[in-house]
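Below is one structure; the comments refer to it alone.
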Amino acid sequence: MKDKKITIAIDGPSGSGKSTTAKIVARKLGYRYIDSGAMYRAVTWYFLSSALNWKSAEQLDQGLSKIDIDIRLGQNDEPMTYLNGVLVERQIRSMPVSDNVSEVSSLPEVRKAMVDQQRKMGQEKGVVMDGRDIGTNVFPDAELKIYLVADTEVRTKRRLKELHERGVEASLDEIRRNIEMRDREDSSRVLNPLRKAGDAIDLDSSNLSIQEQVNFVVEKAQETIHRK
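With my numbering, the residue at position 58 of the sequence shown is 407, and numbering never jumps.
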């Protein structure tokens with residue numbers, strides 16, 4: 350039974366608790382955690398911090414050809430995002446990145462490049478990945494799919510707390526506007542929009558603790574593994 354491994358896809362809007370839940374679930378199951386959102390943030394940061402413009406087809410292709418993203422475990426087994434060998438975890442959580450990541454991640458060239466990398470990472474199963482199109486596009490055959498949502502005000506307060514813990518200054522109104530904007534952009538984009546997979550399990554985390562969210566997903570994972 351221990352040798353049986355599955356792929357777990359956790360999708361949902363910004364600030365719903367996907368990454369935190371997915372990280373802990375992966376740790377409890379001994380699985381690899383892949384933060385797809387961090388990968389798109391790293392691409393966004395690369396273009397913001399370079400002289401390249403993602404709105405230019407030529408410069409977009411030029412930039413993507415130079416981007417190498419890796420997610421490594423840091424202190425306390427926390428996943429850290431590296432861009433071309435440089436730790437960028439703090440930079441990719443900044444508000445300028447948050448304000449532009451939906452636009453960058455909606456570009457077909459960017460999505461193809463990142464999805465190719467994500468699929469390679471998950472070939473051996475034993476993976477927990479969170480994002481917006483993991484269960485619908487990246488891993489449509491994932492054995493367990495969770496669609497995690499939460500009230501907008503709850504998500505806003507969570508994101509503010511997360512940013513402050515990382516030493517990033519932002520206001521409640523600024524974050525709320527960013528979350529509402531990203532919800533619209535992520536749900537309305539033409540290519541692989543945010544939506545619930547037909548076989549995904551709903552989980553509303555508005556009134557749940559992180560531990561309760563984790564327990565729910567781990568229980569569903571164990572049930573799925575036992576059925577294999």
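Built from N, CA and C at the ideal position, the CB exists for glycine as well.
Measure the Cβ-Cβ separation of Arg390 and Ile441 and say whether it is below 7 Å. Sequence index remark: in the sequence shown, residue 390 carries index 41 (1-based). Sequence index remark: in the sequence shown, residue 441 carries index 92 (1-based). Result yes, Cβ atoms of Arg390 and Ile441 sit closer than 7 Å.
Other residues of its chain near Met350: CB distance less than 6 Å, five sequence neighbours each side excluded: The sequence position of residue 350 within the sequence shown is 1, counting from 1. Since pLDDT at Met350 reaches only 44, below the 50 mark, its modelled position is unreliable, and the value read off the structure follows with that caveat. Around Met350: no qualifying Cβ.
Around the C-beta of Asn527, are 16 or more other C-beta atoms found within 10 angstroms, so that it is buried, or is it exposed? Residue numbering aside, residue 527 sits at position 178 when the sequence shown is read from its first letter. That one is buried.
For Val374 and Ile574, what's the separation of their Cα atoms in angstroms? Looking up residue 374 in the sequence shown gives position 25. Looking up residue 574 in the sequence shown gives position 225. For Val374 and Ile574, the distance between alpha carbons rounds to 14 Å.
Just to confirm the assignment: which complete beta strand (DSSP E) runs, minimum length 3, are found wholly within the segment 488–525? 493–498
Does the Cβ of Leu433 have 16 or more other Cβ atoms within 10 Å, making it buried, or fewer, making it exposed? For this step, residue 433 is matched to residue 84 along the sequence shown. The displayed chain sequence assigns Asn, not Leu, to residue 433. Classification of Asn433: exposed, given that the 10 Å Cβ count is below 16.
Does the pairing of the segment 544–551 with the segment 384–402 give three or more beta-carbon distances under 8 Å? no
Nearest neighbour of Gly386, chosen from Leu397, Gly379, Glu438 [CA to CA]: As a working note, residue 386 is residue 37 in the sequence shown. The option with the nearest alpha carbon to Gly386 is Glu438.
Sort Leu521, Ala406, Glu427, Val459 by Cα distance to Thr369 and report the nearest one. The residue given as residue 369 occupies position 20 in the sequence shown. Taking only the C-alpha atoms, the option nearest Thr369 is Glu427.
Pro542 versus Ser454, Gln472, Asp500, Gly423, residue with shortest Cα-Cα distance: Here the question's residue 542 lines up with position 193 in the sequence shown. With distances taken between Cα atoms, Pro542 lies closest to Ser454.
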